[in-house]
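Engineer: Okay, handing you the structure first.
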Amino acid sequence: MMLKLLDQFRDIESTESEGKPSRHTGRFLREVEIELNCDDTLNAQLTHELNAAREESAALEGDDGARWVVVGFHSYSVSNGGAWHFTVALREVEELRAESLEFLGLRLAPLHFEESADRDGSLVIVAAVAPGAEESETLEHHIVEQWTRNEGEATPYFDLRRVGVQDEPLQVRFGRCLWQKGEGGARRHLLVFVAADGDDDDTRRGFVGINEPRGTNAARAALQGREVAEAIIDELGLAGLLSQEAIERIRQRGESAWDKRFRDLNETSDLSLFH
Numbered sequence: 002m003m004l005k006l007l008d009q010f011r012d013i014e015s016t017e018s019e020g021k022p023s024r025h026t027g028r029f030l031r032e033v034e035i036e037l038n039c040d041d042t043l044n045a046q047l048t049h050e051l052n053a054a055r056e057e058s059a060a061l062e063g064d065d066g067a068r069w070v071v072v073g074f075h076s077y078s079v080s081n082g083g084a085w086h087f088t089v090a091l092r093e094v095e096e097l098r099a100e101s102l103e104f105l106g107l108r109l110a111p112l113h114f115e116e117s118a119d120r121d122g123s124l125v126i127v128a129a130v131a132p133g134a135e136e137s138e139t140l141e142h143h144i145v146e147q148w149t150r151n152e153g154e155a156t157p158y159f160d161l162r163r164v165g166v167q168d169e170p171l172q173v174r175f176g177r178c179l180w181q182k183g184e185g186g187a188r189r190h191l192l193v194f195v196a197a198d199g200d201d202d203d204t205r206r207g208f209v210g211i212n213e214p215r216g217t218n219a220a221r222a223a224l225q226g227r228e229v230a231e232a233i234i235d236e237l238g239l240a241g242l243l244s245q246e247a248i249e250r251i252r253q254r255g256e257s258a259w260d261k262r263f264r265d266l267n268e269t270s271d272l273s274l275f276h
């Protein structure tokens, strides 16, 4: 195969295996093993390049347009101060480009799109979108409804179709969905979808562990708001401006604040900080 290494394409001996199905699209991704030699002066540079190529962002380029991530490699010196022999395992990189996302009656074009599959099999999809005011309101309605209606009950899954990635819809739930204010009442959204297949309690706990800015916003709002509200109520009661019945009604309204206001905790001034 022809592979770009050390700044030029090289004809490298390779052995191709059957490959494995992609967690994202289901298509088989090629896996190959290559063998190559280099002299001692290039050993450190080649080793650095192969280590970097373990990440998809630095994947190796083939002359056919394919990109390859390094799964693993080992090397040994053929002679002291002479040539080095490398055996490298490569896996084809899948290019995922979603033209649009279709779910819950919405069709949104992502400004940013990425998918990641954990070792345990859970698939997480992250997309930044900027719908118009009406679509934004509909999206907010779905997020709030999914959260409040099913909190503490069975996890709510729905169909998500990633046009340009996979024709078949994927069963997903909402993960941590952030937002920031846009023009004309619209919002920019950073949506997180978690696939039903492979979803478990560990995946859900993972979202709790990185639950920002919601955690900080919630702690600040809860402490400041509760202290101020209680102080106002007490002062008004002492001044005789509120009856005991009115004070009780105010406190009962506070008990329902979570269902009405929890989405305020997911606002951020810059969605790009989270992807």
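Take 2 as the starting number for the sequence shown in the numbering used here and just add one per residue.
Think of the CB as a built atom: it goes at the ideal place given N, C-alpha and C, for glycine as much as any other residue.
(1) Is residue 186 close to the ligand GTP? I mean its beta-carbon at under 7 angstroms from any heavy atom of the ligand.
(2) Can you list, in chain order, the stretches of the alpha helix (DSSP H) that have 4 or more residues and sit fully within the region 232-261?
(3) My guess is that residue 93 and residue 67 are in contact by the Cβ rule of under 8 angstroms, so how many angstroms apart are they, rounded?
(4) So for residue 101, helix, strand or coil by DSSP?
(5) Considering just the uninterrupted stretch of the beta strand (DSSP E) at residue 277, what are its terminal residues?
(6) Roughly how many angstroms lie between the CA atoms of residue 263 and residue 247, to the nearest whole one?
(7) Excluding sequence positions up to five away, which residues of its chain have a Cβ less than 6 angstroms from the Cβ of residue 115?
(8) Given a threshold of 16 other Cβ atoms within 10 Å of its Cβ, counted over all protein chains shown, does residue 104 qualify as buried or as exposed?
(9) For residue 222, which of helix, strand or coil comes out of DSSP?
(10) From residue 39 to residue 91, what distance separates their C-alpha atoms?
(11) Return yes when the Cβ of residue 137 is within less than 8 angstroms of the Cβ of residue 188, no when it is not.
(12) Cβ of residue 161 within 8 angstroms of Cβ of residue 275?
(13) Looking at the structure shown, is residue 227 part of a helix, part of a strand, or coil, going by DSSP?
(14) Measure from the alpha carbon of residue 166 to the alpha carbon of each residue in 238, 95 and 182, then state which is nearest.
(15) Taking DSSP as the reference, what is the three-state secondary structure of residue 147?
(16) For residue 254, which option in 266, 239, 234 and 76 has the closest C-alpha, if you only look at C-alpha atoms?
(17) Quick one: give me the first and last residue of the beta strand (DSSP E) that residue 86 is part of.
(18) DSSP state of residue 206, grouped into three classes?
(19) Can you have a look at residue 267 and say buried or exposed, based on whether 16 or more other CB atoms are within 10 angstroms of its CB?
(20) Report all residues from its chain with a CB closer than 6 angstroms to the CB of residue 15; omit the five preceding and five following residues, and keep chain order.
(21) Specify, as a first and last residue, the run of the beta strand (DSSP E) that residue 8 falls within.
(22) Smallest Cα separation from residue 163: which of 58, 198, 69 and 109?
Structural biologist: A quick look at the data gives this:
(1) This structure lacks the ligand GTP, and indeed carries no ligand of any kind.
(2) The region 232-261 contains these whole alpha helix (DSSP H) runs: 245-256.
(3) Between residue 93 and residue 67 the beta-carbon gap is near 6 angstroms, inside 8 angstroms, which marks them as a contact.
(4) In the structure shown, the three-state DSSP call for residue 101 is strand.
(5) Within the shown structure, residues of the chain are numbered from 2 to 276, placing residue 277 beyond reach of any answer.
(6) Just so you know, the alpha carbons of residue 263 and residue 247 end up roughly 25 angstroms apart.
(7) Within its own chain, the residues whose Cβ lies closer than 6 angstroms to the Cβ of residue 115, once the five positions on either side in sequence are excluded, are 127, listed in chain order.
(8) Counting of Cβ neighbours within 10 angstroms places residue 104 among the buried residues, the total reaching 16 or more.
(9) If DSSP states are grouped into helix, strand and coil, residue 222 belongs with the helices.
(10) One C-alpha to the other measures close to 18 angstroms.
(11) Yes. Within cutoff.
(12) The criterion of a C-beta distance shorter than 8 angstroms is not satisfied by residue 161 and residue 275.
(13) If DSSP states are grouped into helix, strand and coil, residue 227 belongs with the helices.
(14) When 238, 95 and 182 are compared, the shortest CA-CA separation from residue 166 is found for 95.
(15) For residue 147, the three-state secondary structure derived from DSSP is helix.
(16) Comparing Cα-Cα distances from residue 254 to each of 266, 239, 234 and 76, the minimum goes to 234.
(17) In the DSSP assignment, residue 86 falls within the unbroken beta strand (DSSP E) covering 85-93.
(18) Any reading at residue 206 must be qualified, since the residue scores a pLDDT of 46, below 50, and its modelled position is unreliable; no value is offered.
(19) It is buried - the Cβ of residue 267 has at least 16 other Cβ atoms within 10 Å.
(20) Only 2, 33 and 35 meet the Cβ criterion.
(21) Segment: none, residue 8 is in no beta strand (DSSP E) and carries neither H nor E.
(22) For residue 163, the closest alpha carbon among the candidates 58, 198, 69 and 109 is that of 109.
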